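As you go down the protein sequences, you meet chains A and B in turn. Counting with numbering that gives the first Met the number 0, you get residues 0 to 245 for the letters of the first sequence. Counting with numbering that gives the first Met the number 0, you get residues 0 to 245 for the letters of the second sequence. Built from N, CA and C at the ideal position, the CB exists for glycine as well. Every value quoted in this text rests on a predicted model; they were computed, and no experiment measured them. Report on one structure; see the data block that follows.
Number of protein chains: 2
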Amino acid sequence: MTSTLYPLSHRFLLGRARHRLDDEDQRTIEEMITDVERFTSAHSVLERGDVVSRSTLLIEGFIARVIKQDGRRHILALHVPGDFVDLHAFALKRLDHSIVSIGPVLVGYTPHTKLEEILETRPRLARMLWFSTLLDAAMHREWILKLEHLSADGRLAHLIAEIWQRLDFVGMADPSGFSFPLTQQELADSCGTTAIHMNRVVRKLRESGIADISRGRVTIMDTDALIELGGFDPAYLYGKGDLMLD
Amino acid sequence: MTSTLYPLSHRFLLGRARHRLDDEDQRTIEEMITDVERFTSAHSVLERGDVVSRSTLLIEGFIARVIKQDGRRHILALHVPGDFVDLHAFALKRLDHSIVSIGPVLVGYTPHTKLEEILETRPRLARMLWFSTLLDAAMHREWILKLEHLSADGRLAHLIAEIWQRLDFVGMADPSGFSFPLTQQELADSCGTTAIHMNRVVRKLRESGIADISRGRVTIMDTDALIELGGFDPAYLYGKGDLMLD
DNA sequence: ATGGTGCATTAACCTATGTTAGTGCAGATT
DNA sequence: AATCTGCACTAACATAGGTTAATGCACCAT
Numbered sequence: 000m001t002s003t004l005y006p007l008s009h010r011f012l013l014g015r016a017r018h019r020l021d022d023e024d025q026r027t028i029e030e031m032i033t034d035v036e037r038f039t040s041a042h043s044v045l046e047r048g049d050v051v052s053r054s055t056l057l058i059e060g061f062i063a064r065v066i067k068q069d070g071r072r073h074i075l076a077l078h079v080p081g082d083f084v085d086l087h088a089f090a091l092k093r094l095d096h097s098i099v100s101i102g103p104v105l106v107g108y109t110p111h112t113k114l115e116e117i118l119e120t121r122p123r124l125a126r127m128l129w130f131s132t133l134l135d136a137a138m139h140r141e142w143i144l145k146l147e148h149l150s151a152d153g154r155l156a157h158l159i160a161e162i163w164q165r166l167d168f169v170g171m172a173d174p175s176g177f178s179f180p181l182t183q184q185e186l187a188d189s190c191g192t193t194a195i196h197m198n199r200v201v202r203k204l205r206e207s208g209i210a211d212i213s214r215g216r217v218t219i220m221d222t223d224a225l226i227e228l229g230g231f232d233p234a235y236l237y238g239k240g241d242l243m244l245d
Numbered sequence: 000m001t002s003t004l005y006p007l008s009h010r011f012l013l014g015r016a017r018h019r020l021d022d023e024d025q026r027t028i029e030e031m032i033t034d035v036e037r038f039t040s041a042h043s044v045l046e047r048g049d050v051v052s053r054s055t056l057l058i059e060g061f062i063a064r065v066i067k068q069d070g071r072r073h074i075l076a077l078h079v080p081g082d083f084v085d086l087h088a089f090a091l092k093r094l095d096h097s098i099v100s101i102g103p104v105l106v107g108y109t110p111h112t113k114l115e116e117i118l119e120t121r122p123r124l125a126r127m128l129w130f131s132t133l134l135d136a137a138m139h140r141e142w143i144l145k146l147e148h149l150s151a152d153g154r155l156a157h158l159i160a161e162i163w164q165r166l167d168f169v170g171m172a173d174p175s176g177f178s179f180p181l182t183q184q185e186l187a188d189s190c191g192t193t194a195i196h197m198n199r200v201v202r203k204l205r206e207s208g209i210a211d212i213s214r215g216r217v218t219i220m221d222t223d224a225l226i227e228l229g230g231f232d233p234a235y236l237y238g239k240g241d242l243m244l245d
């Protein structure tokens, strides 16, 4: 089984690990995932309030962190392959939001007992796991900034730019764009606006020749303009150039 | 020196530790802070981009995480006594935002070498530190939700309710409200609006008999209405009733 | 006393966005 | 073929909140 799972943990390394790892660390990571599972689109992988004893690594597809409130759905964060979607639940135990698949997904599970073992015996790996959740927090902060700062078109531009960059980290972006199954409603839920207004914004992006979002795909037409509109500066993603250990 | 600093680390326990600790853990925490420093109001304790080798615990006063963008200031998060304001920099190293005092503050410092020691030898404490940063992330998420969901008056109500609750965790709230030195401009920077609109909102809160914010103090007049307006549910703060270890 | 400075406050006007109420179209189901 | 369903799209109108421009008021320094 390990041999099948190797590429998955390798992807975790790509997306979230900015450290160099020794062979033993590498092996530990490879053996972290004990089980995988497939879900169809719009499946609630985990519900708010669930008490969990394992953490979930997204291997294929997209997953959203969702909260429903007053009949409205809010997407707090989006995840790309290689992300742990609920690593924070290892220390918090109870989930404060739901985890929902967007499009079909493949996930892997790591029992918390394994994580505890890592925490007790492999401080370097522990720090890497910690780092992964800190990256989530940094993305949250960036999103707070954008929500306070930008109107809907800028938010959408930022969202696209960020996902593009994050997919690129895991080798899943191509120069012209990326596959992205979110509906306009879900984009609206992500940007804190309505589907109707999101439709205006999507059209505006398209008509201004910046990007086209349709049929489950984002096509970037003018990268510079996209980055400008979204005020996107990837520094907060602490990418390859910014190792914080080593 | 330890005897003077004891209450400080004790406050950290109050605000952020939801675990029970053994004597040795307790002692380690007490000795974590090696140095303290006082700053006047509006002092930039740390600048965005700084590479840090120690982490900062807020002991007295308020501190904001700030980003300046396009001539505008954004407050990403607020901290109350007992909070580490840059514990995330232990793993991220480079700060993605500035740390600014709001009113006079007293801070304590913990060298990263001490944190590394804890990570290597005291997994339980390591987990507690991790938990503390996860709490920040949970607060970020809640704020994202409120930014996407509420208009300015609801955001302000939520902000007040949250700070009141967090101050209560460290024994610094009183039943009628709390001391709070933010100007309307800073409240606006926190809520993602303008000072002018914040003024309308503050007045509305006052006139509707919910809360009064003036002369560096928040007075809560109608707790239920405040909680209702801000949609405040303290569950995401993982308070005393919600231990996730033990 | 006088003027400066920071903060709170108000007014008038404009734009982004929400709300309500629809239309149209493609793929799936029967 | 007919219908259903989900999604994209549009229009008309209402409102929250941004922008610009001032005023007032306390505290501080000279």
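Looking at C-alpha atoms only, which residue of the options is the closest neighbour of residue i?
i	options	result
LEU166 (chain B)	B:ASP24, B:LEU57, B:ASP21	B:LEU57
THR33 (chain A)	A:ARG53, A:ILE226, A:ASP24	A:ARG53
ILE162 (chain B)	B:ALA194, B:ASP49, B:LEU186	B:LEU186
PHE231 (chain B)	B:LYS67, B:LEU155, B:ILE66	B:LEU155
VAL79 (chain A)	A:LEU86, A:GLY60, A:HIS96	A:GLY60
ASP191 (chain B)	B:ALA41, B:HIS96, B:ARG72	In the sequence under discussion, the amino acid at residue 191 (chain B) is Gly, which differs from the Asp named in the question. Considering only alpha carbons, the answer is B:ARG72.
ASP173 (chain A)	A:HIS96, A:ARG47, A:ARG216, A:ARG93	A:ARG216
LEU20 (chain A)	A:MET127, A:VAL106, A:PHE38	A:MET127
PRO103 (chain A)	A:THR39, A:GLU206, A:LEU134, A:GLY81	A:THR39
ARG26 (chain A)	A:GLN68, A:ASP69, A:LYS113	A:LYS113
GLU141 (chain A)	A:LEU45, A:TYR235, A:GLU46, A:ALA41	A:TYR235
TYR237 (chain A)	A:PHE168, A:THR193, A:ASP188	A:PHE168
HIS157 (chain A)	A:PRO233, A:LEU105, A:LEU45	A:PRO233
HIS205 (chain B)	B:GLY70, B:LEU225, B:SER178	The question names His, but residue 205 (chain B) in the sequence shown is Arg. When each option's Cα is compared against that of ARG205 (chain B), the closest is B:LEU225.
SER189 (chain A)	B:ASP223, B:GLY81, B:GLY70, B:LYS145	B:LYS145
Is residue j closer than 9 Å to residue i when the C-beta atoms are compared?
i	j	result
LEU149 (chain B)	ALA125 (chain A)	no
GLY153 (chain B)	THR218 (chain B)	no
HIS139 (chain B)	ILE143 (chain A)	yes
ILE62 (chain B)	LEU86 (chain B)	no
Going by beta carbon distance, what residues of the same chain come within less than 8 Å of residue i, once the five residues before and after it are set aside?
i	result
ASN198 (chain B)	GLN183
TYR108 (chain B)	ILE32, THR33, ASP34, VAL35, GLU36, ARG53, SER54, THR55, LEU56
LYS92 (chain B)	VAL50, VAL51
HIS111 (chain B)	VAL51, SER52, ARG53, SER54, PHE89
What's the C-alpha gap between residue i and residue j?
i	j	result
ILE159 (chain A)	GLY208 (chain A)	14 Å
GLU147 (chain B)	VAL84 (chain A)	21 Å
TRP129 (chain B)	ILE98 (chain A)	21 Å
HIS249 (chain B)	SER213 (chain B)	With chain B running from 0 to 245 in the structure shown, residue 249 (chain B) is simply not present.
ASP22 (chain B)	GLU115 (chain A)	21 Å
SER43 (chain B)	ALA136 (chain A)	22 Å
GLY170 (chain A)	ILE101 (chain A)	19 Å
GLY48 (chain B)	LEU134 (chain A)	16 Å
ASP24 (chain A)	ARG121 (chain A)	8 Å
THR132 (chain B)	PRO180 (chain A)	32 Å
ARG123 (chain A)	ARG123 (chain B)	15 Å
VAL106 (chain B)	SER178 (chain B)	18 Å
ASP95 (chain A)	LYS67 (chain A)	11 Å
GLU227 (chain A)	VAL65 (chain B)	21 Å
GLN164 (chain B)	VAL201 (chain B)	20 Å
ASP69 (chain A)	GLY229 (chain B)	13 Å
ASP211 (chain B)	GLY81 (chain A)	47 Å
ASP223 (chain A)	ASP223 (chain B)	48 Å
Leaving out five residues on either side along the sequence, give the residues of the same chain with a beta carbon under 6 Å from the beta carbon of residue i.
i	result
ASP221 (chain B)	GLY208, ILE209
GLU46 (chain B)	SER97
Tell me which same chain residues have a C-beta within less than 7 Å of the C-beta of residue i, skipping the five on either side of it?
i	result
LYS203 (chain B)	ASP152
THR193 (chain A)	ALA187
ALA41 (chain A)	VAL99, SER100
Worksheet item: Using a Cβ cut-off of 7 Å, which residues of the region 121–134 of chain B contact any Cβ in chain A, in chain order?
Response: Answer set for the region 121–134 of chain B: PRO122, ALA125, ARG126, TRP129, PHE130, THR132, LEU133.
Worksheet entry | Residues from the region 70–91 of chain B in contact with chain A, defined by Cβ distance under 8 Å | Listed by position along the chain: ARG71, HIS73, LEU75, ALA76, HIS87, ALA90, LEU91.
Discussion item. What are the residues in the region 151–169 of chain A lying within 9 Å of chain B by C-beta distance?
Written reply: Cβ contacts with chain B come from no residue of the region 151–169 of chain A.
Worksheet item: Given a limit of 8 Å on CB to CB distance, which residues of the region 50–71 of chain B reach chain A?
Response: Close to chain A, meaning a Cβ-Cβ distance shorter than 8 Å, are the following residues of the region 50–71 of chain B: ARG64, ILE66, GLN68, ASP69, ARG71.
Worksheet entry | Residues within the region 175–208 of chain B neighbouring chain A, beta-carbon criterion of under 7 Å | Of all residues in the region 175–208 of chain B, GLY191 have a Cβ within less than 7 Å of some Cβ in chain A.
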